[in-house]
Each structure stands twice: as C-alpha cells, then as structure tokens.
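All the letters of the sequence shown, read from the start, carry residue numbers 1 to 106 under our numbering.
Yeah, the Cβ is synthetic: ideal placement off N, Cα and C, and Gly gets one too.
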Amino acid sequence: AENMRKIGELWRNMPPEERERYAQEAQQAHEQAQAQQQQMAQAYGNAYAAGQQWPAMAQGGRGGGFAPQQPGVTRTLSAYHLFVRHTLQQLKQDNPGLEQGECMKK
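Shown next as structure tokens:
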C-alpha cells in the first residue's frame with residue numbers, strides 16, 4: 001500500500017510534459033484496440049457486434065462465453081495505469097527478490 005501511495009504521489013507531481021508521454025501511449029493503445037475490434041467485427045460479423053458467442057465457441061471449440069471487446073482485454077489502460085505498470089516493473093528490476101504483493105506494500 002505504501003508503494004502504491006508513493007506511485008500516486010509521483011503521478012500527481014509529475015510535470016505535464018512527462019505525463020504526455022503516457023497519455024500518447026494510452027491513446028495509441030486505444031486506437032490499436034479499436035482497429036482490432038473492427039477487424040473482429042468484420043471477421044465474425046453481427047455475432048461479434050451483438051456480443052453473441054464466437055462461432056468456434058458455439059461449435060464446442062475451446063473457451064466459451066461471449067465475444068469480448070478484444071480477446072483477453074476488456075478495455076485499454078489509461079495513462080495513469082501505464083505509468084503504474086512501468087513504475088512497478090522498474091521496482092521489480094531494482095529489487096528482483098520482491099514478490100508482486102511486496103512491491104505494492106513497501
């Protein structure tokens with residue numbers, strides 16, 4: 001919890017120019033996800049757009065359930081979440097013995 005508090009403080013105190021880097025990365029990821037979503041809609045037609053089961057799943061293929069917006073991802077990450085991910089990765093590199101839970105606590 002303490003590290004997450006510090007990460008939030010770093011984000012709040014970050015200069016706008018540095019934040020813009022993460023905002024651009026988030027925008028690119030969002031545009032890429034939209035393009036993939038359009039490709040899926042074209043490939044699977046109305047079943048995908050209506051949130052119905054994917055054809056392979058309806059025929060007893062692997063998986064099950066309804067078509068997500070993008071396979072494996074429900075929505076794109078915000079600039080803040082990209083910053084948190086980057087900061088936690090850096091923390092893990094600097095402290096290789098720390099477990100995931102420990103990274104967020106200390």
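Taking just the CA atoms, how far does residue j sit from residue i?
i           : j          : result
residue 75  : residue 33 : 8 Å
residue 13  : residue 36 : 34 Å
residue 119 : residue 11 : The chain is shown only over 1 to 106; residue 119 falls outside these bounds and no answer can be derived.
residue 65  : residue 40 : Its pLDDT being 46, under 50, residue 65 is placed unreliably by the model, and nothing is read from it.
residue 19  : residue 88 : 16 Å
residue 17  : residue 84 : 17 Å
residue 98  : residue 7  : 17 Å
residue 42  : residue 26 : 24 Å
residue 101 : residue 31 : 32 Å
residue 92  : residue 82 : 15 Å
residue 68  : residue 95 : With a pLDDT of only 48 at residue 68, under 50, the local geometry of the prediction cannot be trusted, and the value read off the model is given with reservation. Distance between the alpha carbons of residue 68 and residue 95 is about 36 Å.
residue 108 : residue 79 : Any answer about residue 108 is impossible in this case: the structure gives the chain only from 1 up to 106.
residue 9   : residue 86 : 15 Å
residue 21  : residue 38 : 26 Å
With DSSP run on the structure shown, which of helix, strand or coil describes residue i?
i          : result
residue 99 : coil
residue 40 : helix
residue 76 : coil
Residue i lies in the alpha helix (DSSP H); which residues open and close that run?
i         : result
residue 4 : 2-13
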